[in-house]
Amino acid sequence: MIRTTKFAMGLAAGVVTLLVAGCGGGTPIGGNGDAASAVYVAPGDYDEFYFFTSGGFSGHLGVYGLPSGRLLKQVPIFSQWAENGWGYSEETKAMLETSYGFVPWGDSHHPQLSQTDGVIDGRWLFINENNTPRIARIDLTTFETVEIIEIPHSAGNHASPFVTQNTEYTVAATRFSVPTPQADVPIDSYKENFSGMLSFVKVADNGRMSIAFQILVPGYNYDLSHSGKGPSHGWSFFTSYNTEQANTLLEVNASQNDKDYIAAVNWMRAEECVANGQGEQWTSNYVHNYFNDQHIAVSDMENGTTVITPATCSDMVYYLPTPKSPHGVNVDPSGLLIVAGGKLAAVVTVHSFTKMIEAIENEDFIGEVEGIPILRYESILAGEVENPGLGPLHTEFDGRGYAYTSAFISSEIVKWSLETFEVVDRIPAYYSIGHLSIPGGDTREPWGKWVIALNKTTKDRYLPTGPELTHSAQLIDISGDKMRLLLEFPTVGEPHYAQALPASLIKDKQVRIYPLDENHHPRATKTEADARVEREGRNVRVYMTAIRTHFMPDNIEGVQVGDSVFFHVTNLEQDWDVPHGFAITGANTSELLLMPGETRTMVWLPTRIGVYPFYCTDFCSALHQEMQGYVRVSPRGSSVPISFNTP
Ligand code: RUQ
Ligand code: CUA
Numbered sequence: 001m002i003r004t005t006k007f008a009m010g011l012a013a014g015v016v017t018l019l020v021a022g023c024g025g026g027t028p029i030g031g032n033g034d035a036a037s038a039v040y041v042a043p044g045d046y047d048e049f050y051f052f053t054s055g056g057f058s059g060h061l062g063v064y065g066l067p068s069g070r071l072l073k074q075v076p077i078f079s080q081w082a083e084n085g086w087g088y089s090e091e092t093k094a095m096l097e098t099s100y101g102f103v104p105w106g107d108s109h110h111p112q113l114s115q116t117d118g119v120i121d122g123r124w125l126f127i128n129e130n131n132t133p134r135i136a137r138i139d140l141t142t143f144e145t146v147e148i149i150e151i152p153h154s155a156g157n158h159a160s161p162f163v164t165q166n167t168e169y170t171v172a173a174t175r176f177s178v179p180t181p182q183a184d185v186p187i188d189s190y191k192e193n194f195s196g197m198l199s200f201v202k203v204a205d206n207g208r209m210s211i212a213f214q215i216l217v218p219g220y221n222y223d224l225s226h227s228g229k230g231p232s233h234g235w236s237f238f239t240s241y242n243t244e245q246a247n248t249l250l251e252v253n254a255s256q257n258d259k260d261y262i263a264a265v266n267w268m269r270a271e272e273c274v275a276n277g278q279g280e281q282w283t284s285n286y287v288h289n290y291f292n293d294q295h296i297a298v299s300d301m302e303n304g305t306t307v308i309t310p311a312t313c314s315d316m317v318y319y320l321p322t323p324k325s326p327h328g329v330n331v332d333p334s335g336l337l338i339v340a341g342g343k344l345a346a347v348v349t350v351h352s353f354t355k356m357i358e359a360i361e362n363e364d365f366i367g368e369v370e371g372i373p374i375l376r377y378e379s380i381l382a383g384e385v386e387n388p389g390l391g392p393l394h395t396e397f398d399g400r401g402y403a404y405t406s407a408f409i410s411s412e413i414v415k416w417s418l419e420t421f422e423v424v425d426r427i428p429a430y431y432s433i434g435h436l437s438i439p440g441g442d443t444r445e446p447w448g449k450w451v452i453a454l455n456k457t458t459k460d461r462y463l464p465t466g467p468e469l470t471h472s473a474q475l476i477d478i479s480g481d482k483m484r485l486l487l488e489f490p491t492v493g494e495p496h497y498a499q500a501l502p503a504s505l506i507k508d509k510q511v512r513i514y515p516l517d518e519n520h521h522p523r524a525t526k527t528e529a530d531a532r533v534e535r536e537g538r539n540v541r542v543y544m545t546a547i548r549t550h551f552m553p554d555n556i557e558g559v560q561v562g563d564s565v566f567f568h569v570t571n572l573e574q575d576w577d578v579p580h581g582f583a584i585t586g587a588n589t590s591e592l593l594l595m596p597g598e599t600r601t602m603v604w605l606p607t608r609i610g611v612y613p614f615y616c617t618d619f620c621s622a623l624h625q626e627m628q629g630y631v632r633v634s635p636r637g638s639s640v641p642i643s644f645n646t647p
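Each residue of the sequence shown is one higher than the one before, starting from 1 at the first, in the working numbering.
1) Considering only residues of the same chain and omitting the five flanking positions on each side of residue 489, which have a CB-CB separation below 7 Å?
2) Classify residue 646: buried if its beta carbon has 16 or more other beta carbons within 10 angstroms, exposed otherwise.
3) Going by beta-carbon coordinates alone, are residue 87 and residue 96 separated by less than 7 Å?
4) How should residue 180 be labelled, buried or exposed, when 16 other C-beta atoms within 10 angstroms of its C-beta is the threshold for buried?
5) Note down, one range per segment and in chain order, each beta strand (DSSP E) of at least 3 residues found wholly within the region 192–219.
6) Apart from the five residues on each side of it in sequence, which residues of its chain come closer than 7 Å, Cβ to Cβ, to residue 121?
7) Could you check whether residue 130 and residue 101 sit closer than 7 Å to each other, using their CB atoms as the reference points?
8) Which residue wins for smallest C-alpha separation from residue 603, given the options 566, 442, 441?
9) What's the call for residue 239, buried or exposed, on a 16-neighbour Cβ count within 10 Å?
10) Could you pull out every unbroken alpha helix (DSSP H) segment of at least 4 residues lying fully inside the region 286–369, listed in chain order?
11) Suppose contacts are defined by Cβ-Cβ distances below 7 Å. Is residue 401 in contact with residue 381 by that definition?
12) Determine the direct distance from the alpha carbon of residue 455 to that of residue 34, and round the result to whole angstroms.
13) Whose C-alpha, out of 262, 370, 305, is nearest the C-alpha of residue 339?
14) Grouping DSSP H, G and I as helix and E and B as strand, with all else coil, what is residue 86?
15) Measure from the alpha carbon of residue 552 to the alpha carbon of each residue in 570, 537, 182, then state which is nearest.
16) Identify whether residue 38 lies in helix, strand or coil by the three-state DSSP scheme.
17) Give the C-beta separation of residue 498 and residue 452 to the nearest angstrom, bearing in mind that I take them to be a contact with Cβ-Cβ under 8 Å.
18) Between which residues of its own chain and residue 21 is the CB-CB distance below 7 Å, once the five residues before and five after are set aside?
19) Out of 533, 548, 437, state which residue places its alpha-carbon closest to the alpha-carbon of residue 49.
20) Kindly identify the DSSP beta-bridge partner or partners of residue 604.
21) Assuming residue 617 and residue 582 make a contact with CB atoms under 8 Å, what is their CB distance in whole Å?
22) Which residues bound the beta strand (DSSP E) around residue 556?
23) Return yes when at least one heavy atom of the ligand CUA lies under 6 Å from the C-beta of residue 620, else no.
24) If we count Cβ pairs, one from each stretch, closer than 8 Å, do we get three or more for the region 58–67 versus the region 479–493?
25) So the beta strand (DSSP E) residue 386 belongs to, where does it begin and stop?
26) With a threshold of 6 Å on Cβ separation, who are the neighbours of residue 294 within its own chain once the five nearest residues in sequence on each side are excluded?
27) Looking at the strands, I want to know which residues DSSP matches up with residue 182.
28) Once you ignore the five residues that flank residue 301 on each side, which residues in its own chain have a CB closer than 7 Å to its CB?
29) Please say whether residue 626 and residue 549 have beta carbons closer to each other than 7 Å?
30) Quick one: does the C-beta of residue 624 sit closer than 6 Å to a heavy atom of the ligand CUA?
31) On the DSSP bridge assignment, give the partners of residue 240 in chain order.
32) DSSP puts residue 392 in a beta bridge; with which residues?
33) Starting from residue 253, follow the alpha helix (DSSP H) in both directions and report where the run begins and ends.
34) Who are the near neighbours of residue 71 in its chain, counting only those whose CB is closer than 6 Å to its CB and skipping five residues on each side?
35) Going straight from the alpha carbon of residue 609 to that of residue 502, what length do you get?
36) Is it true that the region 158–171 meets the region 188–207, where meeting means three or more beta-carbon pairs spaced less than 8 Å apart?
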């Protein structure tokens, strides 16, 4: 996220004072009377909403219940996750493949729930990875990452993975412009050689992603995005900063221009140009990972994308001048207002979609960059929100005519009217809010009960935990005229952005087991009678079953130092919430956690002779501690034959 120093440098000393003052003593909830009962969910009761937070530098997704703030799950995505073997087990490793090879860590930023007709539909959640440009798709019936696609010709995938109104596309854009395609050039040749890329990733009816086309744009930093809806459906908006095209000390050098741009992209026009053959085929190597019908992750190395340029496809991209290093761009529920959070701006700029279209028709341009007409600021402006707080970043909507903007430096949420553009309320956030989230707050139909502040620092708010303190979310009631702080709760990793949906949308669609008769894993063992151990040269394959409360086989001999032992473990349970785990002494990876009916594989490399125990790691029943076994390891070349017990 943006550092405070960046703002401090460019702004008056008063800002710094404010910031420091903001981190003073812990502030209790004052005068909020019934706050506790407003968030109390009695033991055994369900929360009303699922709340999905990005894990930031953990690479994962956090799942919480609202209003309680109770943590329900962490879904591993871009990083290995030892808790269940994600990225360690043979069946999931391929999910972390990229064109750079196996990448075990990622930086997840923006969860985006799929939409139909501009309303959250509960099918999937998309999330971007910033560092190695990727987009993942999580299936909301299993809470499992089922697909990850890499974005070629992009560096820093930040303005992503915002979806279009019917999830036709999820988008991606270059945060750090680079030579495109990559080339060995001097860094200070930025202006001649660096470009940005806006990528449109098609989402098929079954969710499968593919890169439809990419738009080559001038070398700025593309920061955030949102798509049009209703009347503006068919357009996507991307903020940019560093129109100065600085390649060093951006905190100063990219803060010179009064205005940077929002790129308005008419993607329906782009589709036309691609269909007319106006695109160019580029060599683009990128990896696409997904589960096959055996529930095993596979990686396809893809080659080639279609690239179009604004110069060859006219009427496709326009620049909306926007003060001052705009960060967030958000479209209101009507689809007519485009709100920009200029990080260094004194006002929140609101552009009018209707005026934008008129200005395009009238060719009301003040210039052009690389085939992209620049519209006149005054002609497209719907209004400016005065006194919106310092460092406005992101805006969401309550569906009742109000917008809520997060202000990083003054650390507050500012509520303003979409009609008058006047600020009507403000509430402090503790401390330094980045994104904010209203359930459905970036869609056509928000559930405007609460706004959740996603805070970057929490000094003094929680018990200290050494040099690093927790990040936090704050739940704020927005049902009345005045915002009211109800609850704050720690979050895992850095909660860049978050989205929520009513539990009723997906609660009853949860997969409870994987039916054994649909387990097509080629090394599944579906009955204990089929459990066995086979030697194939230096590989030993253990076809093992797990059921309360034993493994079969649980005594294995004939393994030798230097073998590779593949434990293919199938969980025979067909009951909800009965996973088994598997771990063995000396394993260099992680445990396996097996869902009912699932087969997962660990490779174990015995390096010393002896007898080694393995055991179930998940407390599955009263006799969980008895769920164990032994592997005997003999010296290399030993005459001990492979043997194992049978039922
Ligand atoms: S942003 S640093 Cu989503 Cu405000 Cu990422
Ligand atoms: Cu199976 Cu513990």
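Every residue gets a Cβ at the ideal spot worked out from N, C-alpha and C, and that includes glycine. All figures in this text were calculated on a predicted structure; none of them were measured in a lab.
Quick look at the numbers:
1) The count along the sequence shown starts at 1 and reaches residue 489 at position 489. Cβ within range, chain order: 69, 472, 473.
2) Start at 1 with the first residue of the sequence shown, and residue 646 comes out as number 646. By the 10 Å Cβ count, residue 646 comes out exposed.
3) For the purposes of this step, residue 87 is taken as residue 87 along the sequence shown, with counting starting at 1. For the purposes of this step, residue 96 is taken as residue 96 along the sequence shown, with counting starting at 1. With respect to the 7 Å criterion, residue 87 and residue 96 are classified as neighbours on the basis of their beta carbons.
4) As a position in the sequence shown, residue 180 is number 180, starting the count at 1. With at least 16 other beta carbons inside 10 angstroms of its own, residue 180 counts as buried.
5) Within the region 192–219, the beta strand (DSSP E) runs of at least 3 residues that lie entirely inside it are, in chain order, 194–203, 209–218.
6) As a first step, residue 121 must be located in the sequence shown, where it is residue number 121. Correct list, in chain order: 114, 115.
7) Stepping through the sequence shown from its first residue, residue 101 is reached at position 101. Stepping through the sequence shown from its first residue, residue 130 is reached at position 130. In this structure, residue 130 does not lie closer than 7 Å to residue 101 by Cβ.
8) As a working note, residue 603 is residue 603 in the sequence shown. Selected option, being the one with the closest Cα: 566.
9) Taking the first residue of the sequence shown as 1, we reach residue 239 at position 239. By the neighbour-count rule (16 or more Cβ atoms within 10 Å), residue 239 is buried.
10) As far as the region 286–369 is concerned, its whole alpha helix (DSSP H) runs of at least 4 residues are 353–361.
11) If you number the sequence shown from 1, residue 401 lands on position 401. If you number the sequence shown from 1, residue 381 lands on position 381. In this structure, residue 401 lies away from residue 381, with their beta-carbon atoms at least 7 Å apart.
12) Translated into positions along the sequence shown, residue 34 becomes position 34. Translated into positions along the sequence shown, residue 455 becomes position 455. Spanning the two alpha carbons is a distance of roughly 23 Å.
13) Taking the sequence shown and counting its residues from 1, the one referred to as residue 339 is at position 339. Minimum Cα distance to residue 339 is reached at 262.
14) On the sequence shown, position 86 is the one that residue 86 refers to. Strand at residue 86.
15) In the sequence shown, counting from the first residue as 1, residue 552 sits at position 552. When C-alpha distances from residue 552 are compared across 570, 537, 182, the shortest belongs to 570.
16) Sequence index remark: in the sequence shown, residue 38 carries index 38 (1-based). It is helical.
17) For the purposes of this step, residue 498 is taken as the residue at position 498 of the sequence shown. For the purposes of this step, residue 452 is taken as the residue at position 452 of the sequence shown. So it is a contact: roughly 6 Å between Cβ atoms.
18) As a working note, residue 21 is residue 21 in the sequence shown. The predicted model places residue 21 with a pLDDT of 35, which falls under 50 and marks its position as unreliable, so this point remains unresolved.
19) On the sequence shown, position 49 is the one that residue 49 refers to. Restricting attention to 533, 548, 437, the CA atom closest to the CA of residue 49 is found in 437.
20) Here the question's residue 604 lines up with position 604 in the sequence shown. DSSP, once it has assigned bridges, lists 565 as partnering residue 604.
21) Residue mapping note: residue 617 aligns to position 617 of the sequence shown, counting from 1. Residue mapping note: residue 582 aligns to position 582 of the sequence shown, counting from 1. At roughly 7 Å, the Cβ-Cβ gap stays under 8 Å, so residue 617 and residue 582 are in contact.
22) Counted from its first residue, the sequence shown places residue 556 at position 556. For residue 556, the enclosing beta strand (DSSP E) begins and ends at 555–560.
23) For the purposes of this step, residue 620 is taken as the residue at position 620 of the sequence shown. Indeed, a heavy atom of the ligand CUA lies less than 6 Å from the Cβ.
24) Touching, per the Cβ criterion.
25) Along the sequence shown, read from residue 1 onward, the residue named residue 386 stands at position 386. Residue 386 -> beta strand (DSSP E) spans 381–386.
26) Translated into the one-based positions of the sequence shown, residue 294 becomes position 294. Once the five neighbours on either side are set aside, the close Cβ partners of residue 294 are 520, 521.
27) Mapped onto the sequence shown, residue 182 falls at position 182. For residue 182, which the question treats as bridged, DSSP gives no partner whatsoever.
28) One-based indexing of the sequence shown puts residue 301 at position 301. Within the same chain, Cβ atoms closer than 7 Å to the Cβ of residue 301 are found at 285, 287, the five residues on either side in sequence being excluded.
29) Position 549 of the sequence shown holds residue 549. Position 626 of the sequence shown holds residue 626. Contact flag set, yes.
30) As a working note, residue 624 is residue 624 in the sequence shown. Answer for residue 624: yes, Cβ within range of the ligand CUA.
31) As a working note, residue 240 is residue 240 in the sequence shown. For residue 240, which the question treats as bridged, DSSP gives the partners 222.
32) Along the sequence shown, one-based indexing puts residue 392 at 392. Bridge pairing for residue 392: 407 [DSSP].
33) Translated into positions along the sequence shown, residue 253 becomes position 253. 250–253 is the span of the alpha helix (DSSP H), which, as asked, contains residue 253.
34) Your numbering for residue 71 matches position 71 in the sequence shown. Closer than 6 Å at Cβ, skipping near neighbours: 64.
35) For the purposes of this step, residue 609 is taken as residue 609 along the sequence shown, with counting starting at 1. For the purposes of this step, residue 502 is taken as residue 502 along the sequence shown, with counting starting at 1. C-alpha separation (whole angstroms): 55 Å.
36) Judged by Cβ distances under 8 Å, the region 158–171 makes contact with the region 188–207, as three or more pairs qualify.
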